[in-house]
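Protein sequence lines, in the order shown, are assigned to chains V and P. So the first sequence is residues 188 to 544, counted in this note's numbering. So the second sequence is residues 110 to 399, counted in this note's numbering. No residue lacks a Cβ here, since even glycine has one placed at the ideal position from N, Cα and C. Fair warning: this is a prediction, and the values are worked out from it, not measured in the lab. Everything on this sheet refers to the single structure shown next.
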Amino acid sequence: MSLDCGVFHTRYEADMGLRPRPLQRLRLGILALFVLVFPFVASPYWLDLANQVAIATVGAIGLNILVGSTGQISLGQGAFMAIGAYTAGLLTLNFGVPWGASVFAACLVTAAAGTFFGLPSLRLKGLYLAIATLAAQEIVEWAMTNWTAVTGGTEAIVLPAPVLFGVRMNTGFNFYWLAVLTAAGTALFAANLLRSRIGRAFEAVRDQDVAASVIGVDVFRTKLLAFATSSFFVGLAGAMIAFHRNIVTWERFTLSTSIVFLAMIIVGGLGSIRGSFLGAALITLLPAMITNLGRAIQDTAPQVASLLPYAQQAVFGIVIILFLIFEPRGLSKLWENLKDYFHVWPFAYRRGESRAG
Amino acid sequence: MDIFLQLTVSGLSTGMIYALAAAGFVVIYKASDVINFAQGDLLLLGTYLIFFSVAQVGLPWSLGVAVTLLLAVAVALAVERLVLRPLVGEPIISMIMVTIGLSSVLRGVTGAIWGPNPRSFDSFLPAGDIVLGPATLSADRVLSIPIALAVLAALGLFFRHTRDGIAMRAIADDQQAALSMGISIPRVFGVAWGLAAVSAALGGIMLAGIVGVSPNVASIGLRVFPAVILGGLDSIAGAVLGGAVIGLLEVYVGFYVGHGLNLVVPYMVLVLVLMVRPYGLFGKEIIERV
Chain V
188 MSLDCGVFHT
198 RYEADMGLRP
208 RPLQRLRLGI
218 LALFVLVFPF
228 VASPYWLDLA
238 NQVAIATVGA
248 IGLNILVGST
258 GQISLGQGAF
268 MAIGAYTAGL
278 LTLNFGVPWG
288 ASVFAACLVT
298 AAAGTFFGLP
308 SLRLKGLYLA
318 IATLAAQEIV
328 EWAMTNWTAV
338 TGGTEAIVLP
348 APVLFGVRMN
358 TGFNFYWLAV
368 LTAAGTALFA
378 ANLLRSRIGR
388 AFEAVRDQDV
398 AASVIGVDVF
408 RTKLLAFATS
418 SFFVGLAGAM
428 IAFHRNIVTW
438 ERFTLSTSIV
448 FLAMIIVGGL
458 GSIRGSFLGA
468 ALITLLPAMI
478 TNLGRAIQDT
488 APQVASLLPY
498 AQQAVFGIVI
508 ILFLIFEPRG
518 LSKLWENLKD
528 YFHVWPFAYR
538 RGESRAG
Chain P
110 MDIFLQLTVS
120 GLSTGMIYAL
130 AAAGFVVIYK
140 ASDVINFAQG
150 DLLLLGTYLI
160 FFSVAQVGLP
170 WSLGVAVTLL
180 LAVAVALAVE
190 RLVLRPLVGE
200 PIISMIMVTI
210 GLSSVLRGVT
220 GAIWGPNPRS
230 FDSFLPAGDI
240 VLGPATLSAD
250 RVLSIPIALA
260 VLAALGLFFR
270 HTRDGIAMRA
280 IADDQQAALS
290 MGISIPRVFG
300 VAWGLAAVSA
310 ALGGIMLAGI
320 VGVSPNVASI
330 GLRVFPAVIL
340 GGLDSIAGAV
350 LGGAVIGLLE
360 VYVGFYVGHG
370 LNLVVPYMVL
380 VLVLMVRPYG
390 LFGKEIIERV
């Protein structure tokens, strides 16, 4: 845990707290206030975007536990989300399981599947593991579209809207609360996990696996645990996607989905919970903003409309490349820099660059 | 039997195009340890550039091929200098993501220029059929096989006999030792990307003749992985063999088994190879294990 300059904790509670300082609490309060007020002032369009960001945050935190914290590269995010979405959808549709139970079951099934696909990590590292997960992605994609008896093939599965405390979650406004609570819960759990013994073991395996095993970390067990924990949340995100639109289709879980989520954690910041959220928000909102911009200038330049999808694709790539070259630690680090700048403002003193995020 | 022969020729010609893309991938990986997810997009660039120079500008074929290769090399050199060079020594995840980003940019730009619809134009390969005993084979597919093999052989000879080729192998072997012998690493990285672009553009040119020009060409980039893993990540010969095997497997399974299984069979092979022999058929047996 990094300590800020001039901050001396005098109580254990403060020492253990996630947000011990008044300024941190104030910022958290402002964020909470914004989250509470937002749905009452936002249009349905913005509510829908907010819901997408919340779901993406859950998925990005899941992926970040595996890729950012444990250093195991996975291109199979889309496949795992598909497993979550299809499990939740099929349980609800075919067996009449209540949606809450089927979402939980989906998380467990995805965690099991993630552990299974994590088995090659015993032998394979880095590039080879990435290619193995690419194969897993392609095979699951094929199963989704061709195992017609179970998944319905390329047909969509249509689900009933979830009901919570007698309220149907079929509007953006109602779903918002569910999505935001889930995202906040996931973030809280992950933040606590990453500063526990298990989280430290994840980082030790990422930084130096041999050294980690020397100091008593069971490397293989830790990797499998990372795959399981990560897939649990990825499955949760998949199940939420299923219930958000009340529909499950295979197009939402392709290799491009995996790539979009990897982009979120790269742009946000590897191994950072705040980064997962910021990255999820940027990558989700970017195409929407480009579309809005395109619509805005459509009258003056009508040929722009047909170029929009390509502009989205190109900008997506450019954003990834620029972040990798100029700020590999992502938006999370930019936020740190901003805070550091104002920490001693207006004096010129800057703290060291090495402070952990 | 005649069907089998037709399938074999079709599989081999597809496989040779995989091999051309895979060879470019291997060259880049060997020289700079970069895993190039944009290899399929270099192929795509090749098909659109030849379409542009021959069908849109109206150049004769020989000149069109030259222009295509020049432009492809220029793009590759620019990419190497502007995007890859700043990231030398970064972790694998950065390398993977930067080439994925690159692939997205290339797809966006080619899409914006040439649109989503498939285009077709007269190939330089003869369009007729070759009747061989009971089998009728399309001439362009038959001809593409020796052309690809010649290119790949030239690439192999380059590695064995030219100064840059040997420098590249030295860098792959030990970067520090190569540096101390006065080998310029930036130059070698540039040559590697240039060669990869040439190899992919030639594959793209043949593809443009055989199946036409469309954005789907880029999906071949993912087929490269089963081919190179099977053949061994750092072996040109392995890329040729891997490409051929994957191409053949796809058509055989597609015809005799069906169910779209031809699309996943390469990946099943890939998983199998990773389990049994992760360094592939011809790769160096050094693989980092935990």
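With H, G and I counted as helix, E and B as strand and the rest as coil, what does DSSP make of residue i?
i                      : result
residue 249 of chain P : helix
residue 435 of chain V : strand
residue 178 of chain P : helix
residue 322 of chain P : strand
residue 270 of chain V : helix
residue 228 of chain P : strand
residue 269 of chain P : helix
residue 383 of chain P : helix
residue 393 of chain V : helix
residue 343 of chain P : coil
residue 238 of chain P : strand
residue 126 of chain P : helix
residue 351 of chain V : strand
residue 542 of chain V : Because the pLDDT at residue 542 of chain V is just 46, under 50, the model does not fix this residue reliably, and the value given afterwards should be weighed accordingly. It is coil, neither helix nor strand.
residue 345 of chain V : strand
residue 308 of chain P : helix
residue 356 of chain V : coil
residue 387 of chain V : helix
residue 283 of chain P : coil
residue 111 of chain P : helix
residue 199 of chain P : coil
residue 390 of chain P : coil
residue 145 of chain P : coil
residue 288 of chain V : helix
residue 233 of chain V : helix
Should residue i go down as buried or exposed, given a rule of 16 or more other Cβ atoms within 10 Å for buried?
i                      : result
residue 282 of chain P : exposed
residue 169 of chain P : exposed
residue 285 of chain V : exposed
residue 540 of chain V : Note that residue 540 of chain V scores 48 on pLDDT, short of 50, meaning its location in the model is unreliable; the coordinates nonetheless yield the value given after this. Classification of residue 540 of chain V: exposed, given that the 10 Å Cβ count is below 16.
residue 398 of chain P : Because the pLDDT of residue 398 of chain P is 48, which lies under 50, any placement of that residue in the model is unreliable, and the question is left without a value.
residue 532 of chain V : exposed
residue 455 of chain V : buried
residue 341 of chain V : exposed
residue 321 of chain V : buried
residue 277 of chain P : buried
residue 148 of chain P : buried
Using the beta-carbon of each residue, which ones in chain P are nearer than 7 Å to residue i?
i                      : result
residue 448 of chain V : Those do not exist, as residue 448 of chain V stays about 11 Å from chain P at its closest Cβ, beyond 7 Å.
Residues of chain V with CB under 9 Å from residue i, in chain order?
i                      : result
residue 323 of chain P : Per Cβ cutoff of 9 Å: no residues; residue 323 of chain P is ~15 Å from chain V at best.
residue 334 of chain P : 318, 321, 322
residue 124 of chain P : What residue 124 of chain P touches in chain V: nothing, since even the nearest Cβ is about 18 Å away.
For a contact defined as C-beta to C-beta under 8 Å, what are the partners of residue i on chain V?
i                      : result
residue 377 of chain P : 322, 326
residue 435 of chain P : The question about residue 435 of chain P has no answer, for chain P in this structure spans 110 to 399.
residue 211 of chain P : 504, 508
Assuming the contact rule is C-beta atoms closer than 8 Å, residue i and residue j should be a hit. Round their C-beta distance to whole Å, please.
i                      : j                      : result
residue 208 of chain P : residue 146 of chain P : 4 Å
residue 254 of chain P : residue 122 of chain P : 5 Å
residue 246 of chain V : residue 435 of chain V : Contact flag wrong, Cβ pair sits at about 15 Å.
residue 356 of chain V : residue 343 of chain V : Wrong, their Cβ atoms sit about 19 Å apart, outside the cutoff.
residue 500 of chain V : residue 217 of chain P : 4 Å
For residue i, go through chain V and note every residue whose CB falls closer than 7 Å to its CB, in chain order.
i                      : result
residue 216 of chain P : 500
residue 203 of chain P : 511, 515
residue 368 of chain P : 333
In chain P, what lies closer than 9 Å to residue i by C-beta?
i                      : result
residue 307 of chain V : 380, 383, 384
residue 435 of chain V : Those do not exist, as residue 435 of chain V stays about 20 Å from chain P at its closest Cβ, beyond 9 Å.
residue 428 of chain V : Near residue 428 of chain V there are no residues of chain P at all, since even the closest Cβ is about 22 Å away, more than 9 Å.
Find the residues of chain P that neighbour residue i, judging by a C-beta separation of less than 8 Å, and give them in chain order.
i                      : result
residue 221 of chain V : Correct list: empty, because the minimum Cβ distance to chain P is about 31 Å.
residue 260 of chain V : 201, 202, 205
- prompt: Per the contact definition of three or more C-beta pairs closer than 8 Å, is the region 361-380 of chain P in contact with the region 327-339 of chain V?
  reply: yes
- prompt: Does the pairing of the region 258-274 of chain V with the region 423-435 of chain V give three or more beta-carbon distances under 8 Å?
  reply: yes
query: Three or more C-beta pairs closer than 8 Å, one from the region 383-395 of chain V and one from the region 230-245 of chain V: is that the case here?
result: no
message: Would the region 450-464 of chain V count as touching the region 173-190 of chain P if we require 3 or more Cβ pairs under 8 Å?
response: no
task: Please determine if the region 129-142 of chain P and the region 254-269 of chain P are in contact, where contact requires at least 3 C-beta pairs separated by less than 8 Å.
output: yes
task: Check whether the region 213-230 of chain P touches the region 152-167 of chain P, counting contact only when three or more Cβ pairs, one atom from each stretch, lie closer than 8 Å.
output: yes
message: Within 8 Å, do at least three Cβ pairs link the region 348-359 of chain P to the region 324-340 of chain P?
response: yes
field: At least 3 beta-carbon pairs within less than 8 Å: the region 475-485 of chain V vs the region 293-310 of chain V
entry: no
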